[in-house]
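Okay, structure first, notes after.
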Amino acid sequence: MKIIYHCYGGTHSSVTAAAIHLGILPNYRIPSAPELLALDFFDRRGGEDIGRIDFMGRDRYGNDVYVVGRRSRPQILYHITAGLAELFDIRPESYLLVDAGSCVNTSMRIGGVLSRRLGLVRLGRPVVSLGTIMAYKKLCRLVEEVQYRLLDRHMCLVTDYPNIYYYTPEVSR
Amino acid sequence: MSFLILSSPYDFPVAAIAGAIHVGLLPKEYDSDKLWSLNFIQEHKKFSHARPIYLGKTLRGEKVVSISASTKPFMLTGIIETFLNLHGFSKEQYRLVDVHIPGRHFIMVGKTLLGVPLLQKIGRIIINYQIKRFYHHLNELIPS
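Chains as they are written, first to last, in our numbering: chain R, 35 to 207; chain H, 6 to 149.
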């Protein structure tokens, strides 16, 4: 299965969640800022990478984990993937979209804008790292839920597995 | 089976208009009545936010689909290309055309006015004006 974590820019919350999923970051303790900044994509993807689904790694169950940025419109990602899946006969249970944007806090937003949008990396990076550390437990819970469902799926041999559409404020507006 | 995927960065289905000309749902010369009689134009709200519109097949058997959403063009093409690539589809199996016409603001204003009951006519006039201006361009955009 392909697990696609997505968020606004595809460079903070989705990358952190994917790293937790892959075991690159621990789920039993909160990592330090240098540990976060050592991640390949963390605070490194720009506006031109929006929409590009990038491979992060393969988890211990053989699932491929990806990250993508989709601005504030996750429904675009949902509609395109669902439409293409139907058109190209891609089984809906072969991929899973997980919205990591639901875990984002104000510090992450401010730091993200400073670093990625305004190019003030030295100012924005510590702020976004602090925000990610503050949101870390929430991200761990999200990943735990995804892994639990995946495990449950493997054990129950459920053939039809729906995509997880987590609550996203911008969708409900 | 090959596919032709048209994407446009507007909430109004401009890519679908180009696709409709390509498959023969619309004539080569602009016809306002025919344009507004099309189901996806009448119910354009249903197909906003990148909901794909299936337009049919070309004479060569190519399936034509359009995707429109008001966003950066590279976001749409990026999602389409990488999603298909990670499922093992190569660029030889589909053609992706980015449908662009100048005057994004006209389309945006026209689309917004179409949603306001008393201003629908003005919205339609604005969209008609803009589509008519670039209809020839939409017609020639897709290489056969």
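For each residue, glycine too, the CB sits at the ideal point set by N, CA and C.
Values in this document were obtained by computation on a predicted structure and should not be read as measured data.
Which class does Y39 (chain R) belong to by DSSP, given the choice of helix, strand or coil? Y39 (chain R) falls in the strand class under three-state DSSP.
Can you grab the Cα-Cα spacing for the pair F89 (chain R) / V99 (chain R), in whole Å? 6 Å
Nearest-angstrom Cα separation, counted from V114 (chain H) out to R129 (chain H): Rounded to whole angstroms, R129 (chain H) to V114 (chain H) spans 10 Å at the Cα level.
Quick check on the DSSP output: the alpha helix (DSSP H) that includes S42 (chain H) runs from which residue to which? Element bounds for S42 (chain H): S37 to S42.
Pull up the DSSP beta-bridge partners for D188 (chain H), would you. Examination of residue 188 (chain H) is not possible in this model, given that chain H is present from 6 through 149 alone.
Quick check on D123 (chain R): does DSSP put it in helix, strand or coil? coil
Taking C-alpha atoms, which residue in H:F45, H:I132 and H:H142 lies nearest to R109 (chain H)? H:I132
Residues in the same chain with beta-carbon distance under 7 Å from N144 (chain H), minus the five sequence neighbours each way, listed in chain order, please. I26 and K33
From the DSSP output, in three-state form, read off L64 (chain H) for me. coil
Closest Cβ-Cβ distance between L143 (chain H) and chain R: below 8 Å? no
Should P18 (chain H) be flagged as near chain R, meaning a C-beta pair shorter than 8 Å? no
When the Cα atoms are used, what is the spatial distance from L64 (chain H) to G29 (chain H)? 10 Å
Per-residue DSSP class, three states only, for G145 (chain R): G145 (chain R): helix per DSSP, three-state reduction.
Between I167 (chain R) and I64 (chain R), is the Cβ-Cβ spacing less than 8 Å? yes
Report yes or no: is there a C-beta of chain H within less than 8 Å of the C-beta of L56 (chain R)? Chain H contact via Cβ: absent.
Extent of the continuous beta strand (DSSP E) to which V101 (chain R) belongs: D98 to G103 is the extent of the beta strand (DSSP E) around V101 (chain R).
With DSSP as the reference, label P196 (chain R) as helix, strand or coil. Since pLDDT at P196 (chain R) reaches only 43, below the 50 mark, its modelled position is unreliable, and the value read off the structure follows with that caveat. Here P196 (chain R) carries a coil assignment [DSSP, helix/strand/coil].
Please go through the same chain and pick out, in chain order, the residues whose beta-carbon is closer than 8 Å to the beta-carbon of N61 (chain R), but skip the five residues on each side of it. Once the five neighbours on either side are set aside, the close Cβ partners of N61 (chain R) are I54, C174, V177 and E178.
Identify whether V205 (chain R) lies in helix, strand or coil by the three-state DSSP scheme. Caution is warranted here: a pLDDT of 42 is assigned to V205 (chain R), below 50, making its placement in the model unreliable, and the coordinate value is therefore given only provisionally. In this structure, V205 (chain R) counts as helix in the three-state DSSP scheme.
Same chain only: Cβ atoms within 8 Å of L146 (chain H), ignoring 5 sequence neighbours per side: A23, V102 and V104
With C-beta atoms as the reference, is L71 (chain R) less than 8 Å away from R159 (chain R)? yes
DSSP three-state label for V19 (chain H), please. helix
Note down, in chain order, every chain R residue with its Cβ under 8 Å from the Cβ of V70 (chain H). G117 and L121
Count the C-beta pairs between the region 126 to 133 of chain R and the region 68 to 87 of chain H that are closer than 8 Å, then say yes if the count reaches three, no if not. no
Excluding the 5 residues flanking D93 (chain R) on each side, which residues of the same chain have their C-beta closer than 7 Å to its C-beta? H55, L56 and V99
On the three-state DSSP scale, how would you describe I58 (chain H)? strand
Could you check which residue in R:Q181, R:E69, R:E82 and R:R104 has the C-alpha nearest to that of S48 (chain R)? R:R104
Taking all protein chains shown into account, do 16 or more other C-beta atoms lie within 10 angstroms of the C-beta of G212 (chain R), making it buried, or fewer, making it exposed? Nothing about residue 212 (chain R) can be read from this structure; chain R reaches only from 35 to 207.
Against chain R, which members of the region 76 to 90 of chain H pass a CB distance test of less than 9 Å? T76, K77, F79, M80, L81, T82, G83, I84, I85, E86, T87, F88, L89 and N90
Is it right to say K51 (chain H) is buried, meaning 16 or more other beta carbons lie within 10 angstroms of its own, or is it exposed? exposed
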